[in-house]
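Residues are numbered in the numbering used here as their position in the sequence shown, beginning at 1, plus a constant of 512. Using N, Cα and C, we set each Cβ at its ideal position, and we do this for glycine too. The block underneath contains the structure these notes are about, expressed in structure tokens.
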Amino acid sequence: MKKIPLLILGAPLFATLPTYAQSDDEDDTFELSPFVVSANEDTGYMATSTLAGSRLRSSLQDVSASISVVTEEFMDDTGSTDAKSLLVYTVGTEIGGSGGNFSATGASSGFADERTSRASATGRNRVRGLASADLTRNYFATDIPFDSYNTSRVEVNRGANSILFGLGSPAGIINNSTETALYEDSTTVEAKVGSYGSIRGVLDINRVVIEDQLAIRIIGLEDRQKFQQKPAFENDSRLFVSLDSKPFANSDGALAKLSLRGNYEKGEIEANRPRITPPSDNITSWFDPWDPASEPKFTFDPGNTPYGNRNRSEAEPMGGALRNPVVIYPDETSPIPADPAATAGQNIIGRQFVLSNWTFPSGTRTTAVHTGITRVSNALRQAGDPDWGFYQQPSLTDTSIFDFRNNLIDGPNKYEDSEFEAWNLTLEQLFLDNKAGIELTFDQQEMSNANGSLLGDERNATIAIDNALTMIDGTPNANFGRPYVVNVPKMYYDEAERSAWRATAFYDLDLREKTNNDLLGRLLGRHVLTGVLSEQTREAQSRYGATTYAGSEFTHGASSSISNGQGPRFGAIHYLGGSLADMDSPAGANIPRLYTERSLSAFNLTGNDAVFFLKEQGASAEAEVIPLNVFNNDRQLTIAPEDADFGRSEVESIALVSQSYFWDDLLVATLGWREDELTTYDAGPAPLHPQGSRIVDPDVYTLPTESTFNDKSDTFSWGVAFHLPDSVTEKVSWIDRISLYYNDSSNFQPTTSRFNVYGERISSPQGKNTDKSIGLSMFENKLHIRATWYETDQVNVSEGTISTQIREIVNRQYVRLIETTRFGLNPDPNGDGIPFESGYIAPPQFLLDTFNVIRLPDGTATFSDPGNVVGVTESSSSGFELETVYNPNQRLSLVLNVAKQEAIRDNSGAALRKFFFEDAVGSNGESLYDNWTGPVGQGLVITQGGVTLAQQAESIANEIRSVVAQDGAIRQELREWRANAVANYRLNDTWNVGGAYRWQSESAIGYPITEAPNGDRIIDVANPFFGPNESNLDVWVGYQRPIMNDKVNWKIQFNIRNLLDEDDLVPTIAQPDGTHAIYRIPEERRWELSSSFTF
513 MKKIPLLILG APLFATLPTY AQSDDEDDTF ELSPFVVSAN EDTGYMATST LAGSRLRSSL
573 QDVSASISVV TEEFMDDTGS TDAKSLLVYT VGTEIGGSGG NFSATGASSG FADERTSRAS
633 ATGRNRVRGL ASADLTRNYF ATDIPFDSYN TSRVEVNRGA NSILFGLGSP AGIINNSTET
693 ALYEDSTTVE AKVGSYGSIR GVLDINRVVI EDQLAIRIIG LEDRQKFQQK PAFENDSRLF
753 VSLDSKPFAN SDGALAKLSL RGNYEKGEIE ANRPRITPPS DNITSWFDPW DPASEPKFTF
813 DPGNTPYGNR NRSEAEPMGG ALRNPVVIYP DETSPIPADP AATAGQNIIG RQFVLSNWTF
873 PSGTRTTAVH TGITRVSNAL RQAGDPDWGF YQQPSLTDTS IFDFRNNLID GPNKYEDSEF
933 EAWNLTLEQL FLDNKAGIEL TFDQQEMSNA NGSLLGDERN ATIAIDNALT MIDGTPNANF
993 GRPYVVNVPK MYYDEAERSA WRATAFYDLD LREKTNNDLL GRLLGRHVLT GVLSEQTREA
1053 QSRYGATTYA GSEFTHGASS SISNGQGPRF GAIHYLGGSL ADMDSPAGAN IPRLYTERSL
1113 SAFNLTGNDA VFFLKEQGAS AEAEVIPLNV FNNDRQLTIA PEDADFGRSE VESIALVSQS
1173 YFWDDLLVAT LGWREDELTT YDAGPAPLHP QGSRIVDPDV YTLPTESTFN DKSDTFSWGV
1233 AFHLPDSVTE KVSWIDRISL YYNDSSNFQP TTSRFNVYGE RISSPQGKNT DKSIGLSMFE
1293 NKLHIRATWY ETDQVNVSEG TISTQIREIV NRQYVRLIET TRFGLNPDPN GDGIPFESGY
1353 IAPPQFLLDT FNVIRLPDGT ATFSDPGNVV GVTESSSSGF ELETVYNPNQ RLSLVLNVAK
1413 QEAIRDNSGA ALRKFFFEDA VGSNGESLYD NWTGPVGQGL VITQGGVTLA QQAESIANEI
1473 RSVVAQDGAI RQELREWRAN AVANYRLNDT WNVGGAYRWQ SESAIGYPIT EAPNGDRIID
1533 VANPFFGPNE SNLDVWVGYQ RPIMNDKVNW KIQFNIRNLL DEDDLVPTIA QPDGTHAIYR
1593 IPEERRWELS SSFTF
């Protein structure tokens, strides 16, 4: 990968290669293949043809499906280089990430969770408010993000389209067509500079090696993008090679129509992307507590009150530093942590000690923990607020406390990296004057992603304040009042290999030529018949884990298993700036970010060189220094992953398509049938190591020889386009064409084997889509308008929150109960570790077996999430779309699109609701919920902070109710209306000016809480809270002219994105009381200056 820049620099050598038999007058015209769409057919922002309608080149006016084509000129004018910068302009599409138009994030455990959106190189998209569209590359499924450097056009196919793919998202497909080698010598050199020191360079060399027979094109990219949040960056290096060969083009035989096309791309992305949500705020509540009855600037004195470990509305145990070994970094500018062997360092949990089973005078046992300011939901729970489970930890909004606009809190301690390689080879043969043909294509892709953060990523980075006056031994706490961030560093890795082949054959049957009867010929029409055979395979692995773990001699956690969040995972506390103890408000604190790159392994945490203060049971026991063996994961997480998945899916497909033209092409009918057979091989959870990690050695963790899931589906799609005859349109001189469209299509989305909470298999998600449209062409076909009314439905869609609660029933309710019982916090007369004697009812054994619950020798328990026990929901989307493209002359290009959308879901988590709330599982006929929230659950403790089984069960119930209550409600962050207008005007042959206006109506961000007839607290879907509308203005000006005796065309363009700098925080989630909880940081004003030379 590191050789890519050298290859790009060496590409000019290719320009000096001799060409053979190339004439000086290159005016040869090649007839375009029906299998190919060329960007040369596009005019300005207007495209006229697509492959998406029938897999062969078709006129867009004859296609009934909803397809938008983005031309190369549009991308050049707007400065769009990838999905994140392009999809903000297209109709009915949303894209997350920096510069996107929605956050694409939710909340996890009450905190903003943006990891998956930020980690994706493509950004998370949403189409028609329903779901993410599938990405394709030359109509092969892909994981590789596209870039404009080798993209000739982008097609957005909205809604299910089984003609293209029987398997896929009902939201649609976003396809990028890569550049092809041309039979004309050319070279383009482009350089771009932009905000914050961003630079980008593209070198594009096309050479005709053998006239009419062989052309080769090499394109290189070096992109170094920087952001307002320092030190965020994204570096993208790529090399693309394309060839086109017509070996017998100059012959007269059948092989004259034989062609071979191929391309190859290799790339590497290294990034530390900006966060799109501010840090979570756990600092202002120290000055202004959530609970009005609490005291401001609450302090904790573990030295003078050795048994004063509290979990109340002012304070709670620090997440990520509960029973873990913890390293403390006292200086945000230094990569060196405090010395664990020095008394002054004292960088272990409980300030300087890890306390194991500390016995209180009352006889109960718990663990002394690093106590911090409590989060809002816990404060409200302690205060008795019945709606506490619906509250989210709010975002920090005051940049004088921490300037999240200009600073990435992680500093250089976060990464999102990708590597990919792809090749594609196509052999094509045409017959019968291009009335028949066959195309055989092979496609191979490899992609890997690695991302991680020193601050963890399960929840958003949270700034808190140290409120402990003393250390546990009574010595003053030198860090009292200092802000900090804390978490267990996490890493994620995934890799996927795709291989596919596709054979496409067509025959153009024109029955009009078979009869001398004009009327009969018009009725019989012309029919383009297409058949497709294909196979595609995707083999993928994913792994997750912490960066650093203590060895087996660390026995002071809640468990010796590394998968336990309070076990031997290393946490880190990072102090930021000085103490705020003397301030009356955090405003103006100007808390700094992390400045230096730091790693837990940097402080020689290897072998047995790491020593930590440990304090054994007994309040009067002295601390002792104990060496620990420490090991670190690699970025591929091959050493000690906490979770791992490995699977392969194989899809065999057959498809038949007919596109028929009747009555002088006034009526165009498209029919498509296909059959897809899915076979999956799922390795299941990786074998468990005694320490709790997963064994991913390829000699041990292998795919099964027998398939684990099979699914087969037939789908049928049809559409019709009816163009009103000239006798109707000629009555209005400025109308050239009026067309009516109807499209009905379906598909299904392949998944691995999924089961509900009962162990019953769930069918693959299926989608169905109908579009009704009217199209107009006016003013000599210079203005094209298309209005569409659509409905899209999807069933058996995995619902994340419901799926999480199934896992929580096992983890938080059962595994944790075993741990607290082992610590003596619950009655256990028979010593089995489970308080059955108290009347506790455990989850059914089949569910425990499914989650591989294992009792370890030390009496604790571990579990693994198989990842395929899920809850499902149904989704539907309906709305209206208007697309207008206007090229009144060669100087003006204009695009206007408007989208109205309503997306809802229904029937969420039906199986889990029955299982948890209704099924009688106890001898007294009680459900799990009734047993756990009744007197039995109220008397059992599942955390060392004192949270009861009843409270946690109620929290799970609230999560389920919250999801169910949203059935029929507006989807999160959905905006009813969106509109985009883009225009470019060429003042003369040299100057052009343009601009784009992007507008979005208010978004649904939350709901108040109301009481259901049965007394449950549920969200009030009839009265949603809305965020503000948004608008953005982009402008550009360009200049071009020939130079060097007309041998070189020079073009320079200056773009400003978000000219008005509309950078107010955008609320994305509201609290039940209507206040705003979580925000998105919108993109700031950015500029770029590009210059290119073409010769």
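| Asked | Found |
| --- | --- |
| Does the Cβ of G604 have 16 or more other Cβ atoms within 10 Å, making it buried, or fewer, making it exposed? | buried |
| Would F1228 and T1192 qualify as a contact pair, given that the criterion is a beta-carbon distance under 8 Å? | no |
| On the three-pair Cβ rule with 8 Å, is the stretch 566-575 touching the stretch 593-607? | no |
| Once DSSP output is grouped into helix, strand and coil, what is the label at W1548? | strand |
| Report, in whole angstroms, the separation of the C-beta atoms of R1042 and V1169, which I expect to be a contact under 8 Å. | In the sequence on display, residue 1042 carries Thr and not Arg. Yes, T1042 and V1169 are in contact; Cβ-Cβ is about 4 Å, under 8 Å. |
| For the putative contact between R750 and E723, defined by C-beta atoms under 8 Å, what is the C-beta separation to the nearest angstrom? | At roughly 29 Å, the Cβ-Cβ gap does not stay under 8 Å, so R750 and E723 are not in contact. |
| So, is T1214 buried or exposed, given that buried needs 16 or more other C-beta atoms within 10 angstroms? | exposed |
| What's the C-alpha gap between V549 and F1018? | 16 Å |
| Roughly how many whole angstroms lie between the Cα atoms of E734 and R712? | 6 Å |
| Does the stretch 1298-1308 come within contact of the stretch 1271-1281, defined as at least 3 CB pairs closer than 8 Å? | yes |
| Is L1368 close to the ligand ZN? I mean its beta-carbon at under 7 Å from any heavy atom of the ligand. | No copy of the ligand ZN occurs in the structure displayed, which carries no ligand at all. |
| So, helix, strand or coil for R787, using DSSP? | coil |
| Give the straight-line distance between the Cα atoms of K1426 and G901, rounded to the nearest whole angstrom. | 21 Å |
| Please decide whether D1442 counts as near chain C, where near means a Cβ-Cβ distance under 8 Å. | Going by chain labels, chain C is absent from the structure shown, which holds only one protein chain. |
| Give the DSSP-derived three-state secondary structure of L760 in the structure shown. | The displayed chain sequence assigns Phe, not Leu, to residue 760. Residue state, collapsed to three classes: coil. |
| At a cut of 8 Å, does the stretch 1011-1029 reach the stretch 1150-1157 through at least three beta carbon pairs? | no |
| Look at Q1450 and R893 and say whether their C-beta atoms are less than 8 Å apart. | no |
| From the DSSP output, which residues share a beta bridge with V1180? | Y1173 and A1233 |
| How about T617 and S632: are their beta carbons less than 8 Å apart? | no |
| If you reduce the DSSP assignment to three classes, tell me which class N1144 lands in. | strand |
| Checking the sheet assignment: what are the DSSP bridge partners for M587? | DSSP, once it has assigned bridges, lists no residue as partnering M587. |
| What are the boundary residues of the beta strand (DSSP E) that A962 is part of? | A948 to S965 |
| For F614, count neighbouring C-beta atoms within 10 Å of its own C-beta (all shown protein chains included) and say buried if the count is 16 or more, exposed if not. | buried |
| For G1037, count neighbouring Cβ atoms within 10 angstroms of its own Cβ and tell me buried if that reaches 16, exposed if not. | buried |
| Roughly how many whole angstroms lie between the Cα atoms of P743 and K809? | 33 Å |
| If you follow the alpha helix (DSSP H) that A934 is part of, which residue opens it and which one closes it? | Per DSSP, A934 belongs to no alpha helix (DSSP H); it is in the beta strand (DSSP E), K926 to F943. |
| Within a Cβ cutoff of 6 Å, which residues of the same chain sit near F1605, ignoring the five residues on either side of it in sequence? | V701, V1560 and W1562 |
| Roughly how many angstroms separate the alpha carbons of A683 and G635, rounded to a whole number? | 16 Å |
| To test your reading of the DSSP string, which unbroken alpha helix (DSSP H) runs of 4 or more residues are found completely within the stretch 1207-1256? | 1238-1241 |
| Return yes when the Cβ of T692 is within less than 8 Å of the Cβ of S754, no when it is not. | yes |
| Go to W900, then tell me how far its beta strand (DSSP E) extends in each direction, as first and last residue. | Note, W900: premise wrong, no beta strand (DSSP E); not H, not E. |
| Residues in its own chain within less than 6 Å of A672 by CB, not counting five upstream and five downstream? | P682, S1257, S1258, N1259, G1279 and N1281 |
| Look at the alpha carbon of I950 and the alpha carbon of S965, and state the distance between them as a whole number of angstroms. | 50 Å |
| Can you say whether W802 is buried or exposed, counting buried as having 16 or more other CB atoms within 10 angstroms of its CB? | buried |
| In the DSSP assignment, what are the bridge partners of K1002? | S965 and A1058 |
| Quick one: using the 10 Å Cβ neighbour count with 16 as the cut-off for buried, is T1372 buried or exposed? | buried |
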